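Residue numbering for the sequence shown follows this note's numbering, starting at 187 and increasing by one per position.
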Amino acid sequence: MSCSTPITRRRSRRIMVGQVAVGGDAPISVQSMTNTETCDVAATVAQIQALENAGADIVRVSVPSLEAAAAFGRIRKQVDVPLVADIHFDYKIALAVAELGADCLRINPGNIGREDRVRLVVDAARARNIPLRIGVNAGSLEKDLQKKYGEPTPEALVESAMRHIDMLDRLDFQEFKVSVKASDVFMTIAAYRQLAARIEQPLHLGVTEAGSARAGAVKSAIALGTLLAEGIGDTIR
187 MSCSTPITRR RSRRIMVGQV AVGGDAPISV QSMTNTETCD VAATVAQIQA
237 LENAGADIVR VSVPSLEAAA AFGRIRKQVD VPLVADIHFD YKIALAVAEL
287 GADCLRINPG NIGREDRVRL VVDAARARNI PLRIGVNAGS LEKDLQKKYG
337 EPTPEALVES AMRHIDMLDR LDFQEFKVSV KASDVFMTIA AYRQLAARIE
387 QPLHLGVTEA GSARAGAVKS AIALGTLLAE GIGDTIR
């Protein structure tokens, strides 16, 4: 027996993360992440393969150093699932993994630093058809936004995201998705609702520090379930 759904998906731009379509009319993709030391290539490859076997469409790998970037290149050759390279601060790491086969770069442009450095990352991504993910986190908002709002709020998360989006607009780069995560379920929901009304790019849904603990799983289920039921979300953690 089949039944129709009352859910209408939000219209979004379609991007490609490796061979996986995200946004547009593509199915909602599932992303997970490794928690191994990236420099331990064998352990990281084994975990990625386990995640793929469990049904993950995309896997995020932390790349905190140039040594980890070199390891990422070796990992990339041993797995088939698209890999998102999680870059924290150093734009040089983003440039390195772009050359080593990253399917997506997760960055916070504000943490990368000057716009000329962001431009170098964007140029590398554009040349290799690599999308970006702008990752905004309630725990690492810019200092001036912390001062302006006093504490993390949905409005602060969205303002941070829009700053980064405006920077990519100036660089004429539209191949990106966005996340605005918080550990508070209702803050997360409110931030995604606000952002969904303002941009056309796909949204990556997640709750900060959800991890594998039972409480984190419950938080994710509530936040992601609520947003997906409203048609918001193109890929989920």
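Heads up, the beta-carbon is just placed ideally off N, CA and C, and yes, glycines get one too. What you are looking at is a predicted structure, and each value in this text was computed from that prediction instead of being measured.
Tell me residue i's beta-bridge partners as DSSP assigns them.
i       : result
Phe-362 : Leu-318
Thr-421 : Ser-215 and His-390
Lys-329 : For Lys-329, which the question treats as bridged, DSSP gives no partner whatsoever.
Arg-246 : Met-219 and Val-270
Glu-367 : A quick correction: the sequence has Lys, not Glu, at residue 367. Bridge partners of Lys-367: Asn-323.
Report buried or exposed for residue i, applying the criterion of at least 16 other Cβ atoms within 10 angstroms of its Cβ.
i       : result
Phe-362 : buried
Lys-263 : exposed
Lys-329 : exposed
Gln-233 : buried
Ala-311 : buried
Ala-403 : exposed
Ala-411 : Going by the sequence as given, residue 411 is Gly instead of Ala. With fewer than 16 other Cβ atoms within 10 Å, it is exposed.
Gln-333 : Residue identity differs from the one stated: residue 333 is Lys in this sequence, not Gln. So Lys-333 ends up on the exposed side.
Arg-240 : Strictly speaking, residue 240 in this sequence is Ala, with Arg absent from that position. Flag for Ala-240 reads exposed.
Leu-392 : Looking at the sequence itself, residue 392 is Gly, so the reference to Leu does not match. That one is buried.
Gln-205 : exposed
Quick one: is residue i near chain E, going by C-beta distance under 7 angstroms?
i       : result
Ala-232 : Within the model displayed, chain E is absent; a lone protein chain is all it includes.
On the premise that residue j lies in contact with residue i, defined as a C-beta separation below 8 angstroms, what is that separation, rounded to the nearest angstrom?
i       : j       : result
Ile-214 : Ile-422 : 6 angstroms
Val-429 : Ala-347 : Because the chain is modelled from 187 through 423, residue 429 falls outside the range shown and cannot be assessed.
Phe-258 : Val-283 : 5 angstroms
Ile-306 : Tyr-277 : Looking at the sequence provided, one finds Leu at residue 306 rather than Ile. That belief holds up - the Cβ atoms of Leu-306 and Tyr-277 are roughly 6 angstroms apart, short of 8 angstroms.
Arg-196 : Ala-382 : 6 angstroms
Val-227 : Ile-261 : 6 angstroms
Ile-279 : Ser-251 : 7 angstroms
Val-265 : Gln-235 : 6 angstroms
Gly-325 : Thr-394 : 6 angstroms
Thr-224 : Ala-254 : 4 angstroms
Ala-409 : Ile-375 : 6 angstroms
Exercise. Which ranges does the beta strand (DSSP E) cover as unbroken runs of at least 3 residues, wholly within the stretch 264-303, from first to last along the chain?
Worked result: Entirely contained in the stretch 264-303, the beta strand (DSSP E) runs reaching 3 residues are, in chain order, 269-272 and 290-293.
Exercise. In the stretch 196-240, which residue ranges form an unbroken alpha helix (DSSP H) of at least 4 residues, counting only runs that do not cross its ends?
Worked result: 227-240, all fully within the stretch 196-240.
Exercise. Touch check for the stretch 319-327 and the stretch 300-308: three-plus C-beta pairs under 8 angstroms?
Worked result: Contact between the stretch 319-327 and the stretch 300-308 is not established, with fewer than three Cβ pairs separated by less than 8 angstroms.
Exercise. Hey, is the stretch 259-279 in contact with the stretch 225-244, meaning 3+ C-beta pairs nearer than 8 angstroms?
Worked result: Yes, the stretch 259-279 touches the stretch 225-244.
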